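Have a look at the structure below before the remarks.
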Amino acid sequence: MSLRRSSQRKASLFNFVLEVTQECNEDCIYCYNVWKHCRYPKGRLGLGEWKKIIRKLKEESRVKLVSISGGEPLLYPELLDLVDFIKMNGISVNLLTNGALIDEKIAGELVKRRISIFEIPLVASTPELHRELKGCDDLDAVMNGMANVLKEKGKIIQTFVATNRNITDIQDAVELGIVLGSRGLMFNRINPACKEHLPLLPTKMEISAALEFLNSFSKKNHYPVSSSIPIQPCILDMEKYRKISHGYCPSGNERSYYTIDPMGNVRICNHSPTIIGNLLEGSLQEIIGSSFVSEFKQALPEICKSCDRAEECKGGCKAAAQVCFGSLDRSDPFFEAERPI
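Each residue of the sequence shown is one higher than the last, beginning at 0 in numbering that gives the first Met the number 0.
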């Protein structure tokens, strides 16, 4: 078989999430880690097993970027060695960390390894609100962690998970993030991972006000802002906020970020609890060709089928509909809360 024909067999997938540990030093009320909200296997791979997975991704996909997350990835004892191996294979690395464990030494080691982006949640500007959302008193530690990355000239992107508890704090939180070295913002409305998260959803009006501020702030300060969790155009038309980049569920296509958990199990994204295979046991092509992936791609709420933007929007987050209402064909919880009359 020629190299050309072999290359054509690779899956057209470019981004993956590696959940290297289920351990975490925080207890966020909005956490979407699937093992916190449903029956889910527990375990942790050694470095050798992760290396096998990276080799398989390299051989069987067009991987360009992996985002290392957890839990808290800095609690994975072989993190630096794993980053070294990923980089050795020509793959870029983002680190999704809460920042509280980034001391001066680890900041230097990570930046030296050319981490592309440090995605760090800074969801409140005060210790009291931070404690309410994060379940611990570590705001100073998070700020110190960001400052340590800044000192080493690493690239920080602040994430802001918008709930009805903190969304009015958006301006102060963004300004604090910039002082600590953030070079952009990911504004994510809470994506419910269970029914208990539904009371945390901000309203359409609250999100609209936050987006108005961010759009104006981005334009005035040339500060990049993205909105990563789907907001359906029938609820809020994101085209109004031209300075804010946004998107919808990739539904298993080449923009998808298939997620690999601490046992090597694969899910279609980090919000979905459904395991579709294991990369230590099967090929990537077999896994992404599973019946669940086909079902996920085709799922669409009945109310959305006549909409001329259904192909684009796909009804919102299907994983959130699955975990909150038991079906991929149900509406996204945000749509359920704010559906047009």
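Where a beta carbon is used, it is the ideal one built from N, C-alpha and C, also for glycine.
If you're wondering where the values come from, they're calculated on a predicted model, not measured in any experiment.
{"Item": "Counterpart residues of H245 in DSSP-defined beta bridges", "Value": "S226"}
{"Item": "Backbone secondary structure at N264 - three-state DSSP", "Value": "strand"}
{"Item": "Closest by C-alpha distance to L179, when choosing among L327, L149, E280", "Value": "L149"}
{"Item": "Cβ-Cβ distance between A172 and A209 below 8 Å", "Value": "no"}
{"Item": "CB-CB length for D83 against L128, believed under 8 Å", "Value": "Not a contact, Cβ separation roughly 38 Å."}
{"Item": "C-beta contact flag for G251 and K296 at 8 Å", "Value": "yes"}
{"Item": "Environment of M145 [buried if 16+ CB atoms lie within 10 Å]", "Value": "buried"}
{"Item": "Option nearest V62 by Cα separation, candidates I206, R338, I85, V19", "Value": "I85"}
{"Item": "Sequence-distant residues of its chain with Cβ nearer than 6 Å to L279 (five each side left out)", "Value": "G263"}
{"Item": "Buried or exposed (CB count within 10 angstroms, at least 16 for buried), P76", "Value": "exposed"}
{"Item": "Three-state class that DSSP yields for L200 in the structure shown", "Value": "coil"}
{"Item": "DSSP state of F15 mapped onto helix, strand, coil", "Value": "strand"}
{"Item": "Straight-line Cα distance separating E58 from F159", "Value": "35 Å"}
{"Item": "Residue closest to I234, alpha-carbon to alpha-carbon, out of N165, L138, G69, G315", "Value": "G315"}
{"Item": "Euclidean distance between Cα positions of R266 and I274", "Value": "5 Å"}
{"Item": "Proximal residues to S60 (C-beta, below 7 Å), its chain only, five neighbours per side dropped", "Value": "K9, A10, L12, L283"}
{"Item": "Same chain, Cβ closer than 6 Å to R338, neighbours up to 5 away in sequence not counted", "Value": "none"}
{"Item": "Buried versus exposed call for H221 [16 or more other C-beta atoms within 10 Å across all chains shown]", "Value": "exposed"}
{"Item": "Endpoints, the alpha helix (DSSP H) within which M142 is located", "Value": "138 to 150"}
{"Item": "Spatial distance of N164 from L200 (CA atoms)", "Value": "Checking the sequence shown, residue 164 turns out to be Arg, not Asn. Going from the Cα of R164 to the Cα of L200 covers about 9 Å."}
{"Item": "With 16 other Cβ atoms within 10 Å as the buried cut-off, status of G89", "Value": "exposed"}
{"Item": "Which listed residue (I287, T202, A99) has its alpha carbon closest to that of I259", "Value": "I287"}
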